[in-house]
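Participant: Residue 346 in full-length UniProt numbering is what sits at position 346 of the sequence shown, and the numbering runs on without skipping anything.
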Amino acid sequence: MTRFLLLFIAGAALLALGIVIGWQLPPSASPGVTAPKPTGLHPTYRSGPFRVGVALQPATPQVGENRLQVVLEDHQGNPIRDAQIHAVAEMPAMGSMPAMQAPAEMQAIEPGLYQGTFDLSMEGSWPLTLRIAKPPVGETRLVFDLATGREGLQLASGARPLKTAPEASTEAGALPYVAGPYRFDVALKPKRPVVGKNIVVIYLQNKQGQPLQNAQIEAMAAMPAMGSMPAMEVPAEIKELKPGIYGGSLELPMEGSWPLTLWFNGAGAPEHTVILDMTTGRRGLEVASGAVRADGSEESLEAAPAGTVTLDARRRQLIGVETARAQVTDLERTIRAVGQVSYDETRLGDVSLKFDAWVGELYAEYVGAPVKKDQPLFTVYGPELLAAQQEYLTLRQRSASSTLLDAARKRLELWDMTNGEIAALARRGESLDYVPIHAPLGGTVVMKNVVEGTARQAGETLMRIADLSRVWVEAEVYEAELPLVRAGMSAEVHLPYLPNQVFQGDIDYVYPYLDGDSRTGRVRITLENPDGVLKPEMYAEVKLKADLGQRLTVPEEAVIIAGETRIVFEDLGGGRLAPRRVETGQRAGGRIEILSGLEPGDQVVTSGNFLIASESRLKAGIEQW
Numbered sequence: 001m002t003r004f005l006l007l008f009i010a011g012a013a014l015l016a017l018g019i020v021i022g023w024q025l026p027p028s029a030s031p032g033v034t035a036p037k038p039t040g041l042h043p044t045y046r047s048g049p050f051r052v053g054v055a056l057q058p059a060t061p062q063v064g065e066n067r068l069q070v071v072l073e074d075h076q077g078n079p080i081r082d083a084q085i086h087a088v089a090e091m092p093a094m095g096s097m098p099a100m101q102a103p104a105e106m107q108a109i110e111p112g113l114y115q116g117t118f119d120l121s122m123e124g125s126w127p128l129t130l131r132i133a134k135p136p137v138g139e140t141r142l143v144f145d146l147a148t149g150r151e152g153l154q155l156a157s158g159a160r161p162l163k164t165a166p167e168a169s170t171e172a173g174a175l176p177y178v179a180g181p182y183r184f185d186v187a188l189k190p191k192r193p194v195v196g197k198n199i200v201v202i203y204l205q206n207k208q209g210q211p212l213q214n215a216q217i218e219a220m221a222a223m224p225a226m227g228s229m230p231a232m233e234v235p236a237e238i239k240e241l242k243p244g245i246y247g248g249s250l251e252l253p254m255e256g257s258w259p260l261t262l263w264f265n266g267a268g269a270p271e272h273t274v275i276l277d278m279t280t281g282r283r284g285l286e287v288a289s290g291a292v293r294a295d296g297s298e299e300s301l302e303a304a305p306a307g308t309v310t311l312d313a314r315r316r317q318l319i320g321v322e323t324a325r326a327q328v329t330d331l332e333r334t335i336r337a338v339g340q341v342s343y344d345e346t347r348l349g350d351v352s353l354k355f356d357a358w359v360g361e362l363y364a365e366y367v368g369a370p371v372k373k374d375q376p377l378f379t380v381y382g383p384e385l386l387a388a389q390q391e392y393l394t395l396r397q398r399s400a401s402s403t404l405l406d407a408a409r410k411r412l413e414l415w416d417m418t419n420g421e422i423a424a425l426a427r428r429g430e431s432l433d434y435v436p437i438h439a440p441l442g443g444t445v446v447m448k449n450v451v452e453g454t455a456r457q458a459g460e461t462l463m464r465i466a467d468l469s470r471v472w473v474e475a476e477v478y479e480a481e482l483p484l485v486r487a488g489m490s491a492e493v494h495l496p497y498l499p500n501q502v503f504q505g506d507i508d509y510v511y512p513y514l515d516g517d518s519r520t521g522r523v524r525i526t527l528e529n530p531d532g533v534l535k536p537e538m539y540a541e542v543k544l545k546a547d548l549g550q551r552l553t554v555p556e557e558a559v560i561i562a563g564e565t566r567i568v569f570e571d572l573g574g575g576r577l578a579p580r581r582v583e584t585g586q587r588a589g590g591r592i593e594i595l596s597g598l599e600p601g602d603q604v605v606t607s608g609n610f611l612i613a614s615e616s617r618l619k620a621g622i623e624q625w
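1) With alanine 294 and valine 201 assumed to form a contact (beta carbons below 8 Å), what rounded beta-carbon distance in angstroms separates them?
2) CA-CA distance, proline 38 and leucine 113?
3) Taking all protein chains shown into account, decide if phenylalanine 610 is buried (16 or more other Cβ within 10 angstroms of its Cβ) or exposed.
4) So, do the segment 442 to 451 and the segment 351 to 369 have three or more beta carbon pairs nearer to each other than 8 Å?
5) Just to check my reading of the structure: tyrosine 381 and aspartate 433 have Cβ atoms closer than 8 Å, yes? What is that Cβ distance to the nearest angstrom?
6) Sorry if obvious, but does the Cβ on methionine 106 come closer than 6 Å to a heavy atom of the ligand NAD?
7) So is isoleucine 561 buried or exposed if we call it buried at 16+ other beta carbons inside 10 Å?
8) Skipping 5 residues on each side, what residues in its chain have a beta carbon closer than 8 Å to that of residue 658?
9) So who's on the other strand from glycine 256, going by DSSP bridges?
10) Around the C-beta of methionine 398, are 16 or more other C-beta atoms found within 10 angstroms, so that it is buried, or is it exposed?
11) Of the residues Ile109, Leu252, Ala87, which one's Cα is nearest the Cα of proline 103?
12) In the DSSP output, which residue or residues are listed as bridge partners for residue 705?
13) Going by CA-CA distance only, name the one from Gly290, Ile238, Trp472, His75 that's closest to residue 649.
14) Whose C-alpha, out of Val510, Thr526, Leu72, is nearest the C-alpha of threonine 520?
15) Could you tell me if proline 193 is buried or exposed, where buried requires 16 or more neighbouring beta carbons within 10 angstroms of its beta carbon?
16) In the DSSP assignment, what are the bridge partners of asparagine 78?
17) With 16 other CB atoms within 10 Å as the buried threshold, where does aspartate 416 fall?
18) Can you pull the DSSP bridge partners for arginine 576?
19) Cutting at 8 Å between CB atoms, please list the residues of its own chain near glycine 585, excluding the five before and the five after it.
20) Between the alpha carbons of glutamate 481 and valine 605, how many angstroms are there, rounded?
21) Are three or more beta carbon pairs between the segment 180 to 196 and the segment 261 to 279 nearer than 8 Å?
22) Identify whether leucine 66 lies in helix, strand or coil by the three-state DSSP scheme.
23) At what residues does the alpha helix (DSSP H) containing isoleucine 525 begin and finish?
24) Please return the same chain residues whose Cβ sits closer than 6 Å to the Cβ of leucine 405, not counting the five positions on each side in sequence.
25) Straight-line CA distance for alanine 546 to glutamate 413?
26) Should the segment 336 to 354 be called in touch with the segment 451 to 462, which here means at least 3 C-beta pairs below 8 Å?
27) What's the C-alpha gap between glutamine 216 and alanine 222?
28) According to DSSP, is glutamine 550 part of a helix, a strand, or is it coil?
29) Should proline 43 and leucine 146 be called a contact, given that it needs their Cβ atoms to be closer than 7 Å?
30) Report the three-state DSSP secondary structure of leucine 511 (helix, strand or coil).
31) Can you check which of these residues, Arg283, Ala337, Phe378, is closest to proline 190 by C-alpha distance?
32) Look at the alpha carbon of alanine 408 and the alpha carbon of phenylalanine 378, and state the distance between them as a whole number of angstroms.
33) Tell me the residue span of the beta strand (DSSP E) that contains serine 289.
34) Going by alpha carbons, who is nearest to alanine 219 out of Gly256, Leu262, Arg336?
35) Please state if the CB of proline 58 and the CB of proline 79 are separated by a distance shorter than 7 Å.
36) Would you grab the beta carbon distance between alanine 540 and glutamine 340 for me? Rounded to a whole angstrom, and I think it's under 8 Å.
See below:
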């Protein structure tokens, strides 16, 4: 009995200990159990090769600790494991206050889900930057507007909202567009509006998809005033043809954009206005305002970022809104530089003496004189040269050893006597008082420091000869453009006094230093000059063509500069124009490179964007800019 009681007490103690240990373990310590994925966190953005979802805890950022969660998938919905995510909230510098950063150390807590915390030291705006990299999938960068006391995050640049899958309509035969309490569709005949008669057919239903009878529908096509031309309005008398089907005709007097306005007034339902974009020669109609697709398949249902402006077709035409697509193009930048023609330093020859002497007869009498290689330039008399000739003749007459004779001959050669002159000396048997000095190369005398009868010392430069059949053009390139310049790059050289002549060449050398005063670097272009058109010290205009490869670009006029921020307006469709922050790169050929913030095919505003920006600032608040 006692043994049984002891065993019972020991078993109860072990059971109690297991319960206590199990209660103290965290949920993740339980075998086979993982931390649950936060409810409601799903990818909501598309950025580069990723689908990204972002959430904050608390939802309204606060001073102190904030938790950031990021869900990451590929475009097929598969979780991205082992990605590198760098997250930093940064308050920009203001006045004397320096910029402040609040980094978050992001760690994976399950496949495709990452979490980290950051501490905000004070109230205010803290734009949040996410840099995501996963080799070899790729990398991307997103920027969100984050401010203490304001709920959630607002996308600023680097991504686009994902479109949700459209839901199938529950009503059989339901019309595709929703406008207030109405469903409708519009057809044109012909499908491309023309100058003259156009048939308009309108299908109208209630919200339940039932044909709406006895409705009052008015239609008006209007071309806004342009310059001295007044506005024009073309009404259409709409009549009910069948239950829920209405029709009429429009007589368009000229080509152009004719925004079509429809007013629906059904029995027992409030009046509603819809504006459609209609242009002669363009197929079909596009909803400008007042309606959306019922199935959610159009971009008009896409969540628009802060500052989005909605313009109907009439206002777009009045403002002069024009758009263009972001495209991947071959970018070639032309770099303009000022150059100067100079001598090819590898084709210069100096004439000097190796002994003291007096100049006798001068053959190359002036600067600019053309000379040929080995042509006599002038004669000189030198006591040392005369003594060397006498020594050579004496050794020959005495039949001295070959060693002594060779040494005497070598001395004459080193003092620039040619083999022919030495042979003539031996035949003559008499020293030559005035010995000719020959041109080391063919070319032009560009410097002359000698006249007949003058005395010159050894080592003095008496003449300089340049071969001008090939010259250099040295161009000054601004420091900011030097990284684009490399040896082998093609170049065009223009001379101001020869406007119709272009000299083609390549950069053969980039000098490894800058001019400290002008902050420019030098590049060298070698040009053939057989006709002597290019003369040293001439000024030249140089164009260098830098091939930057394929880059995502938009027209330069699409980018608005607001301090250090670059903004473009993306056309989301349905008359909506959304501001996008972008990072820009190189400019060339009227286009500017987009490093982040847009994707190929995005439609951006290129004209009228400053007026749009003014309205966007009023809607979004100046802090968005």
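Ideal placement from N, C-alpha and C gives every residue a C-beta, glycine not left out.
Keep in mind the model is a prediction, meaning the values are calculated, not measured.
Facilitator: Well, looking at it:
1) Not a contact, Cβ separation roughly 19 Å.
2) Any reading at proline 38 needs caution, since the residue's pLDDT is 44, under 50, leaving its predicted position unreliable; the model's value is listed next. Just so you know, the alpha carbons of proline 38 and leucine 113 end up roughly 9 Å apart.
3) Here phenylalanine 610 is exposed: its Cβ has fewer than 16 other Cβ atoms, across all protein chains shown, within 10 Å.
4) Contact holds: three or more Cβ-Cβ distances are below 8 Å.
5) At roughly 5 Å, the Cβ-Cβ gap stays under 8 Å, so tyrosine 381 and aspartate 433 are in contact.
6) Ligands displayed in this structure: none; no statement on the ligand NAD is therefore possible.
7) Exposed is the call here.
8) Shown here, the chain extends from 1 to 625; a query on residue 658 therefore has no answer.
9) None, per the DSSP bridge assignment.
10) It should be pointed out that residue 398 corresponds to arginine in this sequence rather than to methionine. So arginine 398 ends up on the exposed side.
11) Nearest of Ile109, Leu252, Ala87 to proline 103, Cα basis: Ala87.
12) Since the first and last residues shown for the chain are 1 and 625, residue 705 lies out of range.
13) Residue 649 lies beyond the range of the chain shown here (1 to 625); nothing can be said about it.
14) Nearest of Val510, Thr526, Leu72 to threonine 520, Cα basis: Val510.
15) Proline 193 is classed as buried because its beta carbon has at least 16 other beta carbons within 10 Å across all chains shown.
16) In the DSSP output, where bridge partners are listed per residue, asparagine 78 has none listed.
17) Looking at its Cβ environment, which holds 16 or more other Cβ atoms inside 10 Å, aspartate 416 is buried.
18) According to DSSP, arginine 576 bridges with Thr310, Gly573.
19) Correct list, in chain order: Arg551, Ile592, Glu593, Ile594, Leu595.
20) Taking the CA atoms as reference points, glutamate 481 sits about 29 Å from valine 605.
21) Contact holds: three or more Cβ-Cβ distances are below 8 Å.
22) Reading the sequence as shown, one finds asparagine at residue 66 and not leucine. In the three-state reduction of the DSSP assignment, asparagine 66 falls in the strand class.
23) No alpha helix (DSSP H) holds isoleucine 525; the beta strand (DSSP E) holding it covers 520 to 528.
24) Contacts found: Leu395.
25) Using only the alpha carbons, I get a separation of about 52 Å.
26) They touch, by the three-pair rule.
27) Approximately 20 Å between the Cα atoms of the pair.
28) When secondary structure is reduced to three states using DSSP, glutamine 550 falls in the strand class.
29) Result no, Cβ atoms of proline 43 and leucine 146 do not sit closer than 7 Å.
30) In the sequence on display, residue 511 carries tyrosine and not leucine. Secondary structure of tyrosine 511 (DSSP, three-state): strand.
31) The candidate whose alpha carbon is nearest that of proline 190 is Arg283.
32) In a straight line, the C-alpha of alanine 408 is about 24 Å away from that of phenylalanine 378.
33) Residues 286 to 289.
34) Checked all of Gly256, Leu262, Arg336; the closest Cα to alanine 219 is Leu262.
35) No, the Cβ-Cβ distance between proline 79 and proline 58 is not below 7 Å.
36) Yes, they are in contact, since the Cβ atoms of alanine 540 and glutamine 340 sit about 7 Å apart, within 8 Å.
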